[in-house]
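To keep things clear, I will list the structure first and then write my remarks on it.
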Amino acid sequence: MITQNFSKPIESATVLQKIVLDKAAWVKAKEAEFPLSEFQQKLTESDRSFYDALSKGTHQKPAYILECKKASPSKGLIRAKFNLEEIANVYKHYASAVSVLTDEKYFQGDFKFLPQVRNIVPQPVLCKDFMISEYQVYLARYYQADAILLMLSVVNDETYRVLADLAHSLGMGVLTETSNEAEFERALSLGAKIIGVNNRNLHDLTVDLNRVIQLTEKYADRIPADVRIISESGIYEHQQIRLLQKVAQGFLIGSSLMGSADLNNAVRAVIFGENKVCGLTRTQDVKAVYANGVLYGGLIFAEKSKRCISLRQAQELVTAAPLRFVGVFQNQEMDFILKIAQQLRLYAVQLHGVETPEFIADLRGQLPETCQIWKALSIDTNEKSAANFADDLNVAHYIFDSQTANQQGGTGKTFDWSLIPENLKYKTILAGGISPENIEQAMAQGCLGVDLNSGVESTPGVKDEAKVRSVFEKIFNTI
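In full-length UniProt numbering, the protein residues as written are 1 to 479.
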């Protein structure tokens, strides 16, 4: 029996305290409207193990809880077009488990969302709510949830044990959420199997990604080997995952995905990184690189390249798989670049010549807003000192590539990666001679991702699927 009082008014209540007060009122009203006696006998145990799904997460290959969230107190409306079928059909390809917000007032959620998602995905479904009563746990299972969230910032140890035991009796798992040292220590003492560390302060809604690092490092010798740590909140980029997977075996990601119009590629970008395979000339290669987690596909229109293709060839390639396609140009007329970009609806144009800042600014003014500009910066393979590269705000990404005395880019050779300016790494994709043999070292440079071409080919323009698979298996298993 729960004795904790959640209904007591609080002066100067924080965001979390207001939510809990409102939740207590919601539970009372819901229980009167739909009494437990009407559905308790209909309940069956879950047949999808949340614990088994999350236990597969490792530091090398994390588990992902992907979240269906329409709104939040910190961001307001996040996804106006909240199509659960569309969301679930993306998540089912990448998630270890799927989280569904069911709080109505603050997150525009609904318990009815749970079966809608569960009927589409094969993974266990987590009911994400502010659980304070046994009734909510029963209700979550009635709506087919396979797991619940219990927040130690909300419930005391007695309430936690009651709710966790009830969830387990219904075959459901528990994600135990912590946000500070006291809560993390309690989670360990309570025997929690999956411990979430919320990087967001639920009292003032600020985010600090160092929280999960600090807590896991402090209690490292007390965390059992079979317990999984899940980093929650504030994950927007793959670089953050690479940093935090050293201490966490899984991530709960919601807002950054829900805010994207291109959900499928948003998921791929954050999980796999912003990696590109350039010099695509065959539809089977487009399909193969997409199947291996690649985000960007490079189509070369630079006339001197062995992999140069025509507009007609490109039109066939862009229909083969939903990659984000990047057109590669070198010292070509602006009208030609604009024509290709518009007809192919390119995600970006990559300039690989000596295009000036003035040319780039003019191009930016004429391209569709949805089309980015990328600039390749070449470093001589014999260079020993860092060059001074100024950041152009019209350039969304830089491609740092190799050059020799005779060739800019496409050399198949590496350069000294220590020459990449630290201030540009946040928007840099690394290119030049990257292959299965050096991919681990390339990924350790801290760039957004890598750009592969000759290193995954059998002959120029013909990608070797085994090499592509080998590279990306190493990428996804590299810290």
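Think of the CB as a built atom: it goes at the ideal place given N, C-alpha and C, for glycine as much as any other residue. Predicted, not measured: the structure shown is a model, and the values here were computed from it.
Query: Residue environment, Met1, which counts as buried when at least 16 other CB atoms sit within 10 Å; Result: exposed
Query: Val294 (DSSP reduced to helix, strand or coil); Result: coil
Query: Environment of Val354 [buried if 16+ CB atoms lie within 10 Å]; Result: exposed
Query: For Ala63, the nearest candidate out of Leu21, Cys447, Arg161, Ile229 (CA to CA); Result: Ile229
Query: Beta-bridge pairing of Lys92 - partner residues as DSSP gives them; Result: Per DSSP, none; premise fails for Lys92.
Query: C-beta contact flag for residue 482 and Val154 at 8 Å; Result: Summary: the structure shown does not reach residue 482, with the chain confined to residues 1 through 479, and so no result is reported for it.
Query: 6 Å Cβ shell around Ala71 - same chain, five flanking residues per side excluded; Result: Leu77, Ile78, Phe107, Gln108
Query: Gly365: first and last residue of the uninterrupted alpha helix (DSSP H) it sits in; Result: 357–366
Query: Three-state secondary structure assigned by DSSP to Lys81; Result: coil
Query: Endpoints, the beta strand (DSSP E) within which Ile120 is located; Result: Looking at the DSSP string, Ile120 is not in any beta strand (DSSP E), and its letter there is neither H nor E.
Query: Span separating the alpha-carbon of Glu437 from that of Cys278; Result: 18 Å
Query: Touch test, the segment 244–255 against the segment 215–233, Cβ-Cβ under 8 Å, three pairs minimum; Result: yes
Query: Pairwise C-alpha distance: Glu303 and His352; Result: 12 Å
Query: Cβ separation of Gln475 and Leu419, assumed to be a contact under 8 Å, to the nearest whole Å; Result: The sequence given here has Ile at residue 475, not Gln. Not quite, the Cβ-Cβ distance comes to about 22 Å (not below 8 Å), so this is no contact.
Query: Distance, Asp110 Cα to Arg469 Cα; Result: 41 Å
Query: Inter-residue Cα distance where the pair is residue 480 and Ile195; Result: Residue numbering for the chain in the displayed model covers 1 to 479; residue 480 lies beyond these limits and cannot be assessed.
Query: Simplified DSSP state of Phe251, which is helix, strand or coil; Result: strand
Query: Exposure label - Phe336; buried when at least 16 CB within 10 Å; Result: exposed
Query: N- and C-terminal bounds of the alpha helix (DSSP H) containing Asn210; Result: 210–218
Query: Under the three-state DSSP convention, the category Asp157 falls into; Result: helix
Query: Euclidean distance between Cα positions of Gln445 and Glu422; Result: 10 Å
Query: Under 8 Å between C-beta atoms of Ala95 and Gln60; Result: no
Query: Nearest-angstrom beta carbon gap, Phe329 and Phe359 [assumed within contact, 8 Å]; Result: With a Cβ gap of about 11 Å, Phe359 and Phe329 do not count as contacting.
Query: Where Leu393 falls, given that 16 or more other Cβ within 10 Å makes a residue buried; Result: exposed
Query: Where the alpha helix (DSSP H) through Lys312 begins and ends; Result: The question names Lys, but residue 312 is Arg in the sequence shown. 311–317 is the extent of the alpha helix (DSSP H) around Arg312.
Query: Rounded separation between Val207 and Ala266 - CA only; Result: 21 Å
Query: Where the beta strand (DSSP E) through Met151 begins and ends; Result: 147–151
Query: Burial state of Asn156 (16 or more Cβ within 10 Å); Result: exposed
Query: C-beta atoms of Leu299 and Ala269 nearer than 8 Å; Result: no
Query: Proximal residues to Ala88 (C-beta, below 8 Å), its chain only, five neighbours per side dropped; Result: Cys68, Val98, Gln116, Val117, Ile120, Val121
Query: Under the three-state DSSP convention, the category Thr370 falls into; Result: coil
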